[in-house]
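Asker: In mature numbering (1 follows the signal peptide of the UniProt record, and there is no 0), the protein residues as written are -26 to -1, 1 to 134.
Glycine residues also receive a C-beta, built at the ideal position from the N, C-alpha and C atoms.
Just passing along the structure, written as structure tokens.
Encoded structure:
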């Protein structure tokens, strides 16, 4: 004869199934959003812009090699894609005098990664001086990541 706790032990695993992630089919994993979802908000478009990459150098004695223009953490593209960063740090020409934290958008990145990539201008470098709006330097995790074709010398559109 079964008691109430035997019945509960059979029912409980079934009742808890909703707490575990479900398996996603290949069709759902390759979801391609509506193109309008990947559009960039902003008033001013610049192009063509050369996209380049840089990475934090943690073994350096200079804090500027691993912190942004206001000595805050650099957030990399890979951290953002892993949902471990609120934005991706980008560097631009210091002569533009863009406000620290200015939102930027590159529609080509959004389309490539099939999601909106939130960029903020929080860094600069002497190598960027004089480039104006013709160059954007995107922070990536490592030197190896900087060789990726999507962030290395790609001609893109910049929306501010």
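From the DSSP output, in three-state form, read off residue 89 for me.
Answerer: Mapped onto the chain shown, residue 89 falls at position 115. Of the three classes helix, strand and coil, the one that applies to residue 89 here is coil, per DSSP.
Asker: Quick test of the definition: if touching needs 3 or more C-beta pairs under 8 Å, does the region 88 to 102 touch the region 115 to 124?
Answerer: no
Asker: Can you give me the C-alpha to C-alpha distance between residue 108 and residue 35, rounded to a whole angstrom?
Answerer: Position 134 of the chain shown holds residue 108. Position 61 of the chain shown holds residue 35. Spanning the two alpha carbons is a distance of roughly 30 Å.
Asker: At the level of alpha carbons, what is the spacing between residue 25 and residue 68?
Answerer: In the chain shown, the residue the question calls residue 25 occupies position 51. In the chain shown, the residue the question calls residue 68 occupies position 94. Computed Cα separation, rounded: 16 Å.
Asker: Assuming the contact rule is C-beta atoms closer than 8 Å, residue 91 and residue 54 should be a hit. Round their C-beta distance to whole Å, please.
Answerer: Here the question's residue 91 lines up with position 117 in the chain shown. Here the question's residue 54 lines up with position 80 in the chain shown. Indeed they touch by this definition, with Cβ atoms about 7 Å apart.
Asker: So what's residue 13 in DSSP terms, helix, strand or just coil?
Answerer: Numbered from 1 along the chain shown, position 39 holds the residue referred to as residue 13. Secondary structure at residue 13: coil, using DSSP grouped into helix, strand and coil.
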